[in-house]
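Per my numbering, the sequence shown starts with residue 108, numbered consecutively. Ideal Cβ positions, reconstructed from N, Cα and C, are used throughout, including at glycine. Computed from a predicted model, the values in this text were never measured in an experiment. Notes for the one structure printed next.
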Amino acid sequence: MYDKERIGKIFSDIERYFSDLENMKIKTMKDLDDKKNFYSASMIMFSIINRTIDLGEEVIAMNKLGTPSTYKDIFFLLLKGKVINNQMKDRLSDLISYRNIFSHEYYRLMQEDVFNALERIAVVRGFVRQIKQKLNNSGRKP
């Protein structure tokens with residue numbers, strides 16, 4: 108069993124954050140010269156990654172896949188439980204590194220870091236799509 112309301116809220120938040128990010132229309136690293144874009148994009152991606160972590164934890168709990176000791180362990184447990192494949196595990200785990208910079212080392216954040224994260228963040232959409240499909244296939248629609 109899982110909390111339909113909680114998982115539905117996670118899906119909704121991720122979709123809203125992606126919409127906000129797309130509305131910024133950042134296409135090149137030069138677009139991050141504008142400090143509003145730079146700081147806004149980094150915080151939106153931080154939020155997307157955090158909600159992705161929340162989603163992973165929900166899926167782990169509902170499938171009784173264990174207890175992760177780190178954020179990266181979440182995606183290892185999802186791989187082990189055959190919820191995601193190895194490529195998705197690696198790509199989602201890479202986002203954790205950006206999340207940690209956004210969270211703990213914001214002072215050293217560079218435009219290149221933000222743009223690189225922007226180029227990689229789309230994997231979250233694939234992850235959400237996959238989880239929704241698995242929930243639908245199991246009769247547990249969010």
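Can you tell me whether residue i is buried or exposed, with buried defined as 16 or more other CB within 10 angstroms of its CB?
| i | result |
| --- | --- |
| Met217 | exposed |
| Ala148 | buried |
| Arg215 | exposed |
| Tyr124 | buried |
Between which two residues does the alpha helix (DSSP H) containing residue i stretch?
| i | result |
| --- | --- |
| Asp220 | 218-227 |
| Leu242 | 230-244 |
| Asp120 | 111-130 |
| Thr159 | 142-170 |
| Arg215 | Segment: none, Arg215 is in no alpha helix (DSSP H) and carries neither H nor E. |
| Asp138 | Careful: Asp138 lies outside any alpha helix (DSSP H) and carries neither H nor E. |
Could you tell me whether the Cβ atoms of residue i and residue j are closer together than 8 Å?
| i | j | result |
| --- | --- | --- |
| Val310 | Ile117 | The first residue shown for the chain is 108 and the last is 249, placing residue 310 beyond what the model contains. |
| Phe172 | Lys196 | Residue identity differs from the one stated: residue 172 is Leu in this sequence, not Phe. No, the Cβ-Cβ distance between Leu172 and Lys196 is not below 8 Å. |
| Ile160 | Tyr178 | yes |
| Val230 | Arg198 | yes |
| Met136 | Glu226 | no |
| Ile228 | Met152 | yes |
| Arg250 | Asp120 | Past the edges of the chain, shown from 108 to 249, lies residue 250, and the structure says nothing about it. |
| Leu84 | Pro175 | The question about residue 84 has no answer here: the residues shown for the chain are numbered 108 through 249. |
Is there a Cβ from chain B that is less than 8 Å from the Cβ of residue i?
| i | result |
| --- | --- |
| Gly173 | Absent from the structure: chain B. Only one protein chain is present. |
Please return the same chain residues whose Cβ sits closer than 7 Å to the Cβ of residue i, not counting the five positions on each side in sequence.
| i | result |
| --- | --- |
| Ser200 | Lys179, Phe182 |
| Phe222 | Met136, Leu139 |
For residue i, I'd like the list of residues in its chain whose CB is within less than 8 Å of its CB, leaving aside the five on either flank, ordered along the chain.
| i | result |
| --- | --- |
| Ile191 | Phe182, Leu185, Leu199, Phe234, Gln237 |
task: Mind the definition here: the segment 203-210 touches the segment 126-138 only if three or more C-beta pairs lie below 8 Å; say whether that holds.
output: No: fewer than three Cβ pairs fall under 8 Å.
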